[in-house]
């Protein structure tokens, strides 16, 4: 006999996500229940919790909350019960989570070593689906005066020209710069192109009197510093 679909109204009040959240606090809810609170409602054949579980399992490789970081608008809209509005809410949730994980007051961040820089940018970049290059500009007191995204590439390559990079450094009167980019594969080992690009940037920086102090490659929970590895 086919199991009858249970609507949210038919679920005991004590088990409904909204009611549980109000009574016990959000910390007592499962990942699916928390997501269900944000979704608010499900579809004709599923409750908000059931829909949330589908979302957490839809990615072929990344399951659970981690999957939200890697889902696209198109992938979400393939699910029954997910329209454009809900898909955008989920994508916004993923972005907020990344920003929250990396939320620190920049003035209080002490960039005293490659490790401290890598740790600060790890949560911002480890879940990106494409390679991105960030330029950090420092003043004479080694304080960050500007941070900007100079390039967005493909899943395995980003291209940043010396002209674009150092034009920005000149505009903010930087005394030195550091490049950071991510590897979506999770492996921070520098590629041959990474090494070539770093050498080019270093040569141009030395010529302009704005030295490239380091190039840090961000992986998933690990990093490689060209300076620490004596690759520059």
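Residue numbers (full-length UniProt numbering): 1 to 232.
Even glycine gets a Cβ: it sits at the ideal position worked out from N, Cα and C.
Predicted model, so just to flag it, every value in this text is computed and none were measured.
Requested in this report: Verify whether the separation of the beta carbon atoms of residue 145 and residue 173 is less than 9 Å.
Outcome: Their beta carbons are under 9 Å apart, which means residue 145 touches residue 173 by this criterion.
Query raised in the report: Could you give the distance in angstroms between the alpha-carbon of residue 113 and the alpha-carbon of residue 192?
Result: Straight-line measurement puts the Cα of residue 192 at about 24 Å from the Cα of residue 113.
Report task. In the DSSP assignment, find the unbroken beta strand (DSSP E) run with residue 148 in it and report its ends. Result -> Here the beta strand (DSSP E) through residue 148 covers 144 to 152.
Query - Where residue 187 sits in the DSSP three-state scheme - result: Reduced to three states, the DSSP call for residue 187 is coil.
Report task. For residue 205, collect the residues of the same chain with a Cβ closer than 6 Å to its Cβ; drop the 5 residues on either side in sequence, then sort them by chain order. Result -> Correct list, in chain order: 211 and 212.
Query - Inter-residue spacing [alpha-carbon to alpha-carbon] between residue 92 and residue 98 - result: Cα to Cα, residue 92 sits roughly 10 Å from residue 98.
Query raised in the report: If you compare alpha carbons, which of 58, 63 and 142 is closest to residue 82?
Result: Closest option to residue 82, Cα to Cα, is 58.
Query - Minimum C-alpha distance to residue 49 - residue among 183, 200, 25 and 35 - result: Across the set 183, 200, 25 and 35, the C-alpha of 35 shows the shortest separation from the C-alpha of residue 49.
Report task. Can you check DSSP and say which residues form a bridge with residue 215? Result -> The partner list for residue 215 (beta bridge, DSSP) reads 179.
Query raised in the report: What residues in its chain sit with their C-beta under 6 Å from that of residue 137, if we drop five residues either side in the sequence?
Result: Within the same chain, residue 137 has close Cβ partners 145, 146, 169, 172, 174 and 177.
Query raised in the report: Among 30, 124, 73 and 117, which residue has its Cα nearest to the Cα of residue 142?
Result: Of 30, 124, 73 and 117, the residue nearest in Cα terms is 117.
Query raised in the report: residue 63 to residue 56, Cα distance in whole Å?
Result: Straight-line spacing of the CA atoms in residue 63 and residue 56 works out to 6 Å.
Query - Secondary structure of residue 21, DSSP reduced to three states - result: Residue 21 falls in the helix class under three-state DSSP.
Query - Cβ pair residue 54, residue 79 closer than 9 Å - result: Taking 9 Å as the Cβ cut-off, residue 54 and residue 79 qualify as a contacting pair.
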